[in-house]
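Chemist:
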Amino acid sequence: MNINWLSVLGIITTPIIAFIVGVTYGGLTRRITARIQNRYGPPSSQNLLDIIKLYSKETSIQHGVMQHLGPVFAITASITTLYFIPVIKNSVVFTNLSFNGDLIFLLYIMVFGSLGMALGAGQTGNPNAAIGVSRGLSQMVGYEIPFVLSLVAIMTQFHTTSLTDLLAVQKHFADWIIFQSPLAFIAGILAFLGMMGYAPFDVVIAPAEIASGPPSEFGGKYLALMMTSRSIFTFAKLVLFTDIFLGGASDFITLIIKTFLLYMIPVLTGIVFPRFRTEQSICFFWKWPLVFGVLAILVVVL
Amino acid sequence: MISIPYILLIAFAGALLSFVIHHIAPKLRTPVALLTTVLLLYFVWALPANSLINIKIGDFILTWGTTAYGQLFGMLVAVLGFFTVLYSTDFMASKERLGYFYMNFLFVIGGMLGIVYSQDFISLFFFWEIMTWSSFMLVIYCCKDAQSIGLKYFVFSAIGAYSILIGIVLLYSSMGTLQFKNIFGHINEISTGIKISVIILMIIGFGVKSALMPLHVWAPDAYAVSPSPFTALFSGALSKMGIFGIGLVLFKLAAHTGFYSYVQYTLAWIGGITALLATFYAIAQTDAKKLLAYSSIGQLGYIIVGLAIGTPLSIAAALFLAILHAIFKSMLFMATGAVYMRTGTTNMTEVSGLIRKMPISFVTALFGIITVAGVPPLGGFAAKWMLYESLIQSGHYFLVIVIFAASTAAFLYLFRYIFSLFLGQEEKEWENVKEVPWTMQIPMILMTIFVLVIGVFPGLLLDPISSAMQYLNVKPFDYQMSVLFNNWGGKVDMQIVVRSIAAVFILLGIFITIKGYRNTRYVTTKDIHTSGEIPTENENLTYAVDFYKPFERSIAPLLKASIDKVYTLTGDIFEQAFDYLRYVYTGNGQTYAMYVVLFLAILLLFSELIFGIIL
Amino acid sequence: MIYDKSSGKIVDIIKNYARKHSLWIVAYGTGCGAIELPPTMTSRYDAERFGIRGSATPRQADVLLITGYLAVKTLKRVIRTYEQMQDPKYVIGFGSCTINGGMYWDSYNTVKALDRYLPVDVYINGCMPRPEAVISGFIELQKLIEAGKANGAKKYKENLDWYRENQRKVIKNWKMPDYNW
Amino acid sequence: MKTQNINIEKEIATEIQNTFHTAEVNIKRNKRIEVKLRNDLIPPFLSYAKNYLTFNHLAHFSCVDWIEQNEFELVYIIYSYEKGVIVLAKTRIDREKAEFVTTRHLWYQAETYERELHEMFGINFKGNDRLNEFILEDWEGIPPYRRDFDTVKYATDNFYTRPGREDAKDVRENVTKINKEEIPEFAKEYSVRSLK
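Line by line, the protein sequences are chains A, B, C and D. Numbering that gives the first Met the number 0 puts the first residue of the first sequence at 0, with every later residue one more than the last. Numbering that gives the first Met the number 0 puts the first residue of the second sequence at 0, with every later residue one more than the last. Numbering that gives the first Met the number 0 puts the first residue of the third sequence at 0, with every later residue one more than the last. Numbering that gives the first Met the number 0 puts the first residue of the fourth sequence at 0, with every later residue one more than the last.
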């Protein structure tokens with residue numbers, strides 16, 4: 000059996016890179032938010048420190064095996080999602096397993112974590128957690144539909160379901176799908192707002208209403224693992240959107256620039272908007288994003 | 000020795016024997032039933048591939064034979080039959096009228112086996128009726144409340160059966176034969192009008208059993224009220240007979256006609272809307288069995304979409320989903336039955352926190368919902384993947400959105416199902432609940448392993464499916480033991496997926512368990528963050544009522560329109576119409592005489608207009 | 000031992016550094032002092048630059064702020080909240096009421112000395128302490144954590160009987176559930 | 000300036016006086032009328048004020064402990080939005096046998112006030128079935144708002160008192176000494192009390 004050591008290297012380093020980038024983005028977000036609110040703000044390593052602190056917590060409390068495994072489900076989904084996305088275009092090391100899955104697969108593996116997390120939160124027996132899960136799943140139905148509309152438009156336009164093929168299509172700046180199919184991009188990016196869970200779509204973890212919702216009984220190592228997963232998942236989603244719409248990246252600097260710009264869209268939206276109620280956000284997703292998605296498909300078909 | 004008549008003989012003889020023996024030696028009744036299903040399982044499995052038998056009765060020739068397509072469903076029926084009978088040994092132990100129960104149960108199994116091995120429409124209809132009648136008997140088995148529900152089921156079954164019968168008669172009158180081999184492929188010899196009516200009638204007939212949307216109203220109640228082992232078979236295998244029939248009609252009759260694409264398109268959209276609406280209804284349910292019933296309707300909608308699209312990949316997806324649905328829905332109904340057996344209710348607002356008491360049932364339900372949701376790495380994913388790929392690649396852009404919306408919304412009711420029954424607050428009321436006996440655990444465990452294995456090696460199931468598709472004259476499609484391909488060159492390698500998921504999961508699972516193992520402590524579900532307040536014993540901390548209120552609010556207009564109301568309205572209109580008719584037929588001779596005179600007068604007055612001559 | 004800085008292990012130094020710079024306060028305002036927290040956290044004084052932020056539930060939190068007078072009824076809830084928090088955890092007594100009863104020195108319903116019932120790491124003096132004082136209190140706590148001296152939780156576990164005795168003396172009808180410590 | 004237009008108060012006062020002859024009606028100041036009543040006249044008066052004089056808001060309901068007369072004084076503060084006038088309906092009840100009738104049927108919020116008075120003064124309101132534990136938990140002994148309840152003694156008996164307060168008994172004295180101020184006579188009374 001011949002093992003490709005380069006891909007093994009990729010398998011090991013990709014989650015670590017994703018974690019570091021995601022965690023730094025999280026810290027930067029807090030700093031940017033602070034600057035906009037005319038504050039000084041925490042250092043950009045703040046999220047990393049938080050995670051280290053949570054790992055160093057001595058005791059942890061669990062309500063049963065599903066709560067114990069809930070964060071593991073979440074991080075498994077994050078890392079697996081990352082493995083099936085080509086992080087760097089045409090790179091041997093960072094394409095990982097992306098040849099073995101396609102966009103439909105990614106759609107499904109992305110909800111694997113939410114489902115596991117929901118089960119974990121369910122076992123805590125905290126009613127706030129259950130309310131949060133109920134809101135989260137409802138909202139998920141909201142944003143998944145415009146997202147799928149935009150993906151279907153793109154898949155139909157380029158006759159492929161593979162992310163690698165989509166990357167191959169976008170060779171030059173003008174070939175980026177954001178320019179080739181702008182309507183799909185609008186639908187996708189509006190769904191992306193919901194996917195990232197920043198305000199106005201943060202009713203799931205609303206701390207003032209339902210005591211941070213699903214993770215309300217998670218502390219110590221469990222919360223640390225969840226935050227790690229969140230960081231990795233943020234990065235994975237950003238790379239996915241960069242690969243789909245912004246032509247991917249052939250080196251890390253381009254990747255960082257593109258993902259950061261993409262990341263700023265939900266962050267800056269979140270700072271200036273108050274929170275939507277669940278049915279409001281569902282109705283939001285089923286209004287304009289849906290129209291744009293349908294238009295995108297119609298443009299491709301006609 | 001091993002041939003189709005023996006299989007049917009075993010099934011029906013076993014049925015009668017278990018009824019008789021119930022009155023002689025009640026202890027032997029269950030073993031007899033179990034033995035029958037074991038024998039059936041062996042016989043069906045060992046049945047040679049091309050056995051064919053002709054039986055002459057008068058002018059008719061009954062033909063029974065094996066096809067790959069029939070064998071696929073036959074195997075499913077036999078396996079599920081064995082599992083459900085095994086499951087019911089302990090589940091039904093404390094119930095009454097067990098002879099009646101087992102007799103009808105085995106009759107259903109025998110009827111279904113008869114259907115899949117029929118090679119002519121007469122025996123198909125004959126066994127169809129056996130299956131329908133005995134399943135009706137089981138629907139009304141439980142209690143008095145079941146009778147009105149049973150009536151609804153019966154009325155719809157009758158509508159279905161008669162439309163099949165009329166279709167058969169039409170076929171016979173125009174073709175003079177009812178043998179499959181003489182009809183299939185020669186459908187274009189008859190006139191278009193008859194073709195259309197035959198196909199529509201047959202689809203309505205089979206659609207009743209597979210709960211297509213306007214014909215589904217019997218299903219939720221009938222599923223909810225029948226005893227759990229039978230519900231598993233009902234939703235698992237019985238509804239698949241409808242799919243079996245629709246498959247035959249679509250690919251053997253309709254595929255050769257000129258209007259095939261219209262049939263496909265209509266059926267696909269009906270299936271899609273069935274899937275979406277049934278999912279939305281399922282979200283609003285509070286009874287676990289009703290929730291699963293609506294979920295079944297939704298899943299059957301997917302299957303019909305897959306069949307109707309008609310590309311090789313979509314048909315494979317549909318058949319794959321049909322088999323898988325039988326398995327996972329049986330798992331879920333069995334887990335629900337286990338809960339029902341121990342707590343006496345399936346109301347999701349009452350039961351909660353059974354995970355620590357019933358771990359096996361919980362794991363079964365967990366694997367079941369993951370499979371329904373279609374999340375990798377379990378078997379459901381392969382089916383969903385093939386369905387989406389085929390939908391997108393065959394250009395059904397908006398249907399794929401409908402299907403995807405249904406599939407995402409399915410997470411809602413699936414989570415609610417498992418959360419309400421097994422997770423959440425562990426309440427004092429259910430403190431003494433125990434795990435179900437091993438006879439009930441074994442089928443659940445075996446099916447759990449099955450979905451796991453199918454998840455890694457979908458090829459195991461795709462082998463018989465591709466030979467079944469050969470019988471249906473569908474082009475073969477690409478697949479490997481664990482790799483799925485689509486037409487655009489995309490693929491999913493399930494082995495790599497499962498390996499990477501398992502590796503990460505196990506690695507991090509070990510990490511989180513070992514890290515601070517000694518300082519990780521278990522606390523009860525009463526010890527939660529309640530703003531410092533100490534919850535008392537009877538304090539209700541379970542969030543189960545109106546679980547998806549916000550979502551229901553946003554889809555309220557869809558939920559309001561109920562097809563049930565339309566049927567009630569139709570019934571009312573007919574009743575009133577007949578009421579008026581009563582005034583016409585007064586029963587008075589003079590009135591009738593007046594009618595005759597009036598009729599003649601009108602005839603004379605307008606005869607020129609009507610006939611063009613003056614009388 | 001993790002609390003011991005003199006162990007010199009690099010792991011402990013990193014851990015203490017992270018703990019020092021990431022203090023999550025459980026959102027539990029016990030008295031009037033809670034009104035001083037919004038200005039502390041928001042733009043004017045911006046405590047977030049020290050890594051201080053609120054957390055919604057005790058499971059996630061590190062710091063329990065006793066903001067002001069503590070009635071016996073509240074003490075029950077505070078004890079439960081404190082015991083639900085996960086180690087290492089710190090208590091900050093906030094305002095003179097927690098130190099000696101403050102203006103409620105003769106009240107029939109306010110406990111006078113918080114450290115009899117919960118292990119206090121840092122007291123912040125004043126009635127009310129201004130946000131500057133609050134921040135300086137937090138910096139004091141950070142210094143203690145870095146030096147490995149903020150071991151209130153450890154003290155509480157070791158002297159649980161003494162604390163329980165004091166708590167039971169005040170709380171007449173002791174109906175607290177026994178947790179598996 | 001404010002006393003120039005008290006016609007409406009006078010009207011109301013006369014009306015009340017005409018209806019309840021035993022009532023002692025005073026116009027305290029602009030928009031404020033005090034009505035002292037026999038305690039059996041309180042329910043009819045409140046009902047009358049609510050239904051005929053449009054005093055449909057119960058703004059407050061409290062109690063004063065007149066330990067010297069061995070009486071509790073109950074004070075209902077009711078307000079009319081139409082007239083913009085506050086009426087204080089006062090009555091006295093026996094302190095030993097502290098009992099009164101509920102006014103929950105007139106204003107539902109009276110229930111909460113009654114629960115509080117029941118807990119803090121030990122007054123029993125007949126007809127109110129929710130007089131259970133309200134603010135205090137597990138309280139035994141004299142209700143704490145009664146004037147014969149010695150709160151300092153209770154505090155020193157039940158709570159640990161941190162040493163160090165004794166030497167700073169009278170902060171005011173020190174402060175005035177430093178600032179060379181004089182303590183007014185009425186204020187000296189307060190500073191006498193200190194920890195025993």
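Backbone N, C-alpha and C fix where the C-beta goes; we use that ideal spot for every residue, glycine too. Just so you know, these numbers come straight off a predicted model, no measurement behind them.
Tell me whether N178 (chain D) is buried or exposed, calling it buried when 16 or more other Cβ atoms sit within 10 Å of its Cβ.
Modeler: The residue labelled residue 178 (chain D) in the question sits at position 179 within the fourth sequence. N178 (chain D) comes out exposed.
Chemist: In whole angstroms, what separates the C-alpha of N29 (chain D) from that of T32 (chain A)?
Modeler: If you number the fourth sequence from 1, residue 29 (chain D) lands on position 30. If you number the first sequence from 1, residue 32 (chain A) lands on position 33. Roughly 53 Å separates the two Cα atoms.
Chemist: Name the two residues that bound the continuous alpha helix (DSSP H) containing C62 (chain D).
Modeler: Against the fourth sequence, residue 62 (chain D) aligns to sequence position 63. Note, C62 (chain D): premise wrong, no alpha helix (DSSP H); beta strand (DSSP E) at H56 to W65.
Chemist: In the structure shown, what three-state DSSP assignment does T2 (chain D) receive?
Modeler: Taking the fourth sequence and counting its residues from 1, the one referred to as residue 2 (chain D) is at position 3. Legend: pLDDT at T2 (chain D) = 49, less than 50; position of this residue unreliable, no value from coordinates given.
Chemist: What's the gap between the Cα of G87 (chain A) and the Cα of L102 (chain A)?
Modeler: Counting from 1 along the first sequence, the entry for residue 87 (chain A) is found at position 88. Counting from 1 along the first sequence, the entry for residue 102 (chain A) is found at position 103. Going by the sequence as given, residue 87 (chain A) is Ile instead of Gly. Using only the alpha carbons, I get a separation of about 17 Å.
Chemist: So what's A88 (chain D) in DSSP terms, helix, strand or just coil?
Modeler: Position 89 of the fourth sequence, counted from the first residue, corresponds to residue 88 (chain D). Three-state DSSP puts A88 (chain D) in a strand.
Chemist: Going by Cα to Cα distance, which pick from A:F291, A:Q36, A:L48 and A:Y39 is closest to I19 (chain A)?
Modeler: One-based indexing of the first sequence puts residue 19 (chain A) at position 20. Cα-wise, what sits closest to I19 (chain A) is A:L48.
Chemist: Could you compute how far the alpha carbon of I9 (chain C) sits from the alpha carbon of V496 (chain B)?
Modeler: Position 10 of the third sequence holds residue 9 (chain C). Position 497 of the second sequence holds residue 496 (chain B). Cα to Cα, I9 (chain C) sits roughly 38 Å from V496 (chain B).
Chemist: Is the beta carbon of I121 (chain B) closer than 7 Å to that of L655 (chain B)?
Modeler: Residue 655 (chain B) falls outside the range modelled here, since chain B spans only 0 to 614, and no answer is possible.
Chemist: Spell out whether any CB of chain B is found under 7 Å from the CB atom of G131 (chain A).
Modeler: Your numbering for residue 131 (chain A) matches position 132 in the first sequence. No, G131 (chain A) does not count as interfacial toward chain B.
Chemist: Please check if any C-beta of chain C sits within less than 7 Å of the C-beta of G219 (chain A).
Modeler: Counting from one through the first sequence, the residue named residue 219 (chain A) turns up at place 220. It does: the Cβ of G219 (chain A) has a partner Cβ on chain C nearer than 7 Å.
Chemist: Using only the alpha-carbon positions, how far apart do E81 (chain D) and F44 (chain D) sit?
Modeler: On the fourth sequence, residue 81 (chain D) is found 82 positions in, with the first residue counted as 1. On the fourth sequence, residue 44 (chain D) is found 45 positions in, with the first residue counted as 1. If you take the alpha carbons of E81 (chain D) and F44 (chain D), they lie about 18 Å apart.
Chemist: Tell me which residues share the same chain as M0 (chain C) and place their Cβ nearer than 6 Å to its Cβ, disregarding the 5 neighbours each side in the sequence.
Modeler: By one-based count along the third sequence, residue 0 (chain C) stands at place 1. Note that M0 (chain C) scores 38 on pLDDT, short of 50, meaning its location in the model is unreliable and no value can be drawn from it.
Chemist: Between which two residues does the alpha helix (DSSP H) carrying Q45 (chain A) extend?
Modeler: Locating residue 45 (chain A) in the first sequence gives position 46, where the first residue counts as 1. That run of the alpha helix (DSSP H) goes Q45 to Y54.
Chemist: Distance check for N587 (chain B) and V595 (chain B), CA to CA, integer angstroms please.
Modeler: As a first step, residue 595 (chain B) must be located in the second sequence, where it is residue number 596. As a first step, residue 587 (chain B) must be located in the second sequence, where it is residue number 588. Rounded to whole angstroms, V595 (chain B) to N587 (chain B) spans 13 Å at the Cα level.
Chemist: Counting only beta-carbon separations shorter than 7 Å, does N172 (chain C) have a partner in chain B?
Modeler: The count along the third sequence starts at 1 and reaches residue 172 (chain C) at position 173. No, N172 (chain C) lies away from the interface with chain B (no Cβ there is under 7 Å from its Cβ).
Chemist: With distances taken from CA atoms, which of C:T41, C:P37 and C:G30 is nearest P34 (chain A)?
Modeler: Looking up residue 34 (chain A) in the first sequence gives position 35. In the sequence as displayed, the identity of residue 34 (chain A) is Arg instead of Pro. Nearest of C:T41, C:P37 and C:G30 to R34 (chain A), Cα basis: C:T41.
Chemist: When the cut-off is 7 Å and only beta carbons count, does R79 (chain C) lie next to chain B?
Modeler: Here residue 79 (chain C) corresponds to residue number 80 of the third sequence, with the count starting at 1. For R79 (chain C), the answer is yes, since a Cβ of chain B falls inside 7 Å of its Cβ.
Chemist: Pop quiz: L540 (chain B) and I453 (chain B) are said to be a contact at Cβ under 8 Å. What is the actual Cβ separation, rounded to whole angstroms?
Modeler: Looking up residue 540 (chain B) in the second sequence gives position 541. Looking up residue 453 (chain B) in the second sequence gives position 454. With a Cβ gap of about 38 Å, L540 (chain B) and I453 (chain B) do not count as contacting.
Chemist: For T28 (chain A), which residues in the same chain have their Cβ closer than 8 Å to its Cβ, ignoring the five residues on either side in sequence?
Modeler: Residue 28 (chain A) sits at position 29 when you count from the first residue of the first sequence. Counting only Cβ-Cβ distances below 8 Å, and skipping sequence neighbours, we find Y262 and V266.
Chemist: Just list the beta strand (DSSP E) runs in the segment 496-525 of chain B, keeping only unbroken ones of 3 residues or longer that don't cross its boundaries, in chain order.
Modeler: 519-521
Chemist: Which of the residues in the segment 114-132 of chain C, read from start to end, lie with their CB under 9 Å from any CB of chain B?
Modeler: none
Chemist: For Y547 (chain B), report the span of its beta strand (DSSP E) as first-last.
Modeler: Your numbering for residue 547 (chain B) matches position 548 in the second sequence. Y547 (chain B) -> no beta strand (DSSP E), and no H or E assigned at all.
Chemist: Of the residues that make up the segment 342-365 of chain B, which ones have a beta carbon closer than 9 Å to any beta carbon in chain A?
Modeler: Answer in chain order: S351, G352, I354, R355, P358, F361 and L365.
Chemist: Which chain D residues are close to V110 (chain C), counting only those with a beta carbon under 7 Å from its beta carbon?
Modeler: Stepping through the third sequence from its first residue, residue 110 (chain C) is reached at position 111. Within 7 Å Cβ-Cβ: F158.
Chemist: Which chain C residues are close to A198 (chain A), counting only those with a beta carbon under 7 Å from its beta carbon?
Modeler: Locating residue 198 (chain A) in the first sequence gives position 199, counting from the first residue. The contacting residues do not exist; A198 (chain A) stays about 16 Å from chain C at best.
Chemist: Quick one: Cα of E181 (chain D) to Cα of A12 (chain D), how far?
Modeler: In the fourth sequence, residue 181 (chain D) corresponds to position 182, counting from 1. In the fourth sequence, residue 12 (chain D) corresponds to position 13, counting from 1. Distance from the CA atom of E181 (chain D) to the CA atom of A12 (chain D), rounded to whole angstroms, is 45 Å.
Chemist: Just the chain D side, please: which residues come within less than 7 Å of Y107 (chain C) by C-beta, in chain order?
Modeler: The residue given as residue 107 (chain C) occupies position 108 in the third sequence. Within chain D, the residues near Y107 (chain C) are P143, T150, Y153 and A154.
Chemist: Taking buried to mean at least 16 other C-beta atoms within 10 Å of its own C-beta, is G343 (chain B) buried or exposed?
Modeler: Numbered from its first residue, the second sequence carries residue 343 (chain B) at position 344. With fewer than 16 other Cβ atoms within 10 Å, it is exposed.
Chemist: Please compile the residues from chain A whose C-beta is within a distance smaller than 8 Å of the C-beta of A146 (chain C).
Modeler: Taking the third sequence and counting its residues from 1, the one referred to as residue 146 (chain C) is at position 147. Per Cβ cutoff of 8 Å: no residues; A146 (chain C) is ~16 Å from chain A at best.
Chemist: Within the continuous beta strand (DSSP E) that includes R28 (chain D), where are the two ends?
Modeler: To locate residue 28 (chain D), count along the fourth sequence from 1; it is residue 29. Here the beta strand (DSSP E) through R28 (chain D) covers E23 to R28.
Chemist: I'd like the list of long-range same chain contacts for F153 (chain B), defined as Cβ closer than 8 Å, with 5 residues on each side in sequence excluded.
Modeler: As a working note, residue 153 (chain B) is residue 154 in the second sequence. Closer than 8 Å at the Cβ level, and outside the excluded window around F153 (chain B), lie F135.
Chemist: Q83 (chain C) versus chain B: which residues are under 8 Å apart at the beta carbon?
Modeler: Along the third sequence, read from residue 1 onward, the residue named residue 83 (chain C) stands at position 84. Under the 8 Å cutoff, chain B gives D526 and H528.
Chemist: Can you give me the C-alpha to C-alpha distance between G124 (chain A) and I527 (chain B), rounded to a whole angstrom?
Modeler: Translated into positions along the first sequence, residue 124 (chain A) becomes position 125. Translated into positions along the second sequence, residue 527 (chain B) becomes position 528. Cα to Cα, the separation comes out at about 7 Å.
Chemist: How do the segment 92-108 of chain B and the segment 271-283 of chain B stand: do at least 3 beta-carbon pairs fall below 8 Å, yes or no?
Modeler: no
Chemist: Shorter than 7 Å from the beta carbon of G159 (chain B) to some beta carbon of chain C?
Modeler: Within the second sequence, the letter at position 160 stands for residue 159 (chain B). No, G159 (chain B) lies away from the interface with chain C (no Cβ there is under 7 Å from its Cβ).
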